[in-house]
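40 is the number of the first residue of the sequence shown in my numbering; add one for each residue after it.
Ideal Cβ placement from N, Cα and C applies to all residues, glycine included.
Predicted, not measured: the structure shown is a model, and the values here were computed from it.
Below is one structure, written out as structure tokens; the observations come after it.
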Amino acid sequence: MRILEVCVDSVASAVQAEEGGADRLELCADLVVGGVTPTLSLYERVREKVKIPIHVLLRPRFGDFLYDEEEFEVLRRQARAARQAGADALVIGCLTPQGRLCIEQMERLMEEAGGKPVTLHRAFDMCSDLDQALEDAKKLGIHTILTSGGQASAQAGMETLARLQKAAGTLSIMAGAGIEAGAIRKLLRHAELSAFHMSGKRIVESRMVYRNPSVSMGLEQLSEYELWQTDARAVRQAKAALLEDY
């Protein structure tokens, strides 16, 4: 069975993803910076609006995946809260300074998951040795690895994805980064993948009429008057590509 997971950071995107045929959601906040842990109120409202499973991303801040003691304590509490709120799975990733999975922190987060499935997010792609990271993930009991094969896009990492899939055993390799209908078709012809991760985002113009050109409330390179939102049409096209014979 092929799975299409859609990453969303708003109620509107979650509804669009389900409408387009997504099999499950990865819920985060601030997708524009790669995603961080969503609030519980966002999770609760999305849960009220959709019926498909929700996997909750746990990332306490933007940036690398090397967490100090206080950052990890926040992350651990976020994991517990997401589990208690009813998340169907948790999405985690912690690294050492040398680019290996931080086994101690990962084990503690696996404990907080309380037996729920756990996905290792694209911290995996930042590891110095992807084959070693795969073996470490197996030992940890990780259910799924979200990866682009260590490249900027899944298509660029296609050879590595194919190799990882062959070595994965019962662990699921989920291709992510640049995933849309055309990429899915190309990847399925090249690798025996069964899970794909996309955002299907489109830019939605702000409804603000008055706009102060002298003030920026965030990163200057990001427009505050453009919102990212999942497009049901892009999800529908990707889902159709998954159902084709290869």
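- Between the alpha carbons of residue 168 and residue 176 lies a gap of roughly 12 Å.
- The criterion of a C-beta distance shorter than 8 Å is not satisfied by residue 184 and residue 200.
- Listed as beta-bridge partners of residue 145 by DSSP are no residues whatsoever.
- Per DSSP, residue 80 is not a residue of any beta strand (DSSP E); the alpha helix (DSSP H) it occupies stretches across 79-88.
- Between residue 226 and residue 194, the C-beta spacing is below 8 Å.
- Going by C-alpha positions, residue 137 is about 30 Å away from residue 120.
- DSSP places residue 94 within a strand segment (E or B) once states are collapsed to three.
- For residue 199, there is no enclosing beta strand (DSSP E); the residue is found in the alpha helix (DSSP H) stretching over 197-206.
- By the Cβ neighbour-count rule, residue 188 is buried, with 16 or more other Cβ atoms within 10 Å of its own.
- Taking the CA atoms as reference points, residue 191 sits about 15 Å from residue 213.
- If you draw a straight line from the Cα of residue 162 to the Cα of residue 85, it is about 25 Å long.
- A Cβ-Cβ separation of about 6 Å places residue 106 in contact with residue 114 under the 8 Å criterion.
- Residue nearest to residue 181 within the set 139, 171, 131, 220 is 131 (criterion: CA-CA distance).
- The alpha carbon of residue 221 has as its nearest neighbour, out of 281, 245, 207, the alpha carbon of 281.
- For residue 126, no alpha helix (DSSP H) segment is defined, and its DSSP state is neither H nor E.
- Judged by DSSP in its simplified three-state form, residue 179 adopts helix.
- In the structure shown, the three-state DSSP call for residue 268 is strand.
- The beta carbons of residue 256 and residue 263 sit closer together than 8 Å.
- In the structure shown, residue 226 falls within a helical segment according to DSSP collapsed to helix, strand and coil.
- Within the DSSP secondary-structure output, residue 68 pairs in a beta bridge with 75.
- The beta carbon of residue 110 sits closer than 6 Å to the beta carbons of 99 from its chain, once the five residues preceding and following it are set aside; these are given in chain order.
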